[in-house]
Amino acid sequence: MIFATVGTQIPFPRMIESVRYAAERLDIDIVAQTIDMDYVYTPKGRLTCVKTVHPRKFQDLVAAADIIVSHAGIGSIISAATA
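So the sequence shown is residues -10 to 72, counted in our numbering.
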């Protein structure tokens, strides 16, 4: 499973669209945390987009992920490093 996260403060639609593009071509489940309240991402392939994730669920997704795609914020880096 791939977990993509943009953090909790600012949407990053270009990153999510890139993940969406990859989801059309990969045979793997992808969960993307988007924080984007103004845009509804159309599911493609095995991509699931959620706007927000509770901190416990976030940690569960990080732990379950084979790959983490991130905006490289410090919180995401620390979560990935400690999983």
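Glycine is no exception: its CB is placed at the ideal position from the N, C-alpha and C atoms.
query                                                                                              : result
Contact set for Ala3: own chain, Cβ-Cβ below 6 Å, skip 5 residues either direction                 : What sits at residue 3 in the sequence shown is Arg, not Ala. Around Arg3: no qualifying Cβ.
Neighbour-count burial assignment, Ala(-7), 16 or more Cβ in a 10 Å radius                         : buried
Val20 beta carbon less than 7 Å from that of Thr37                                                 : yes
Cβ of Ala12 within 7 Å of any chain B Cβ                                                           : The chain inventory of the structure shown lacks chain B, comprising one protein chain alone.
Residue environment, Ser59, which counts as buried when at least 16 other CB atoms sit within 10 Å : buried
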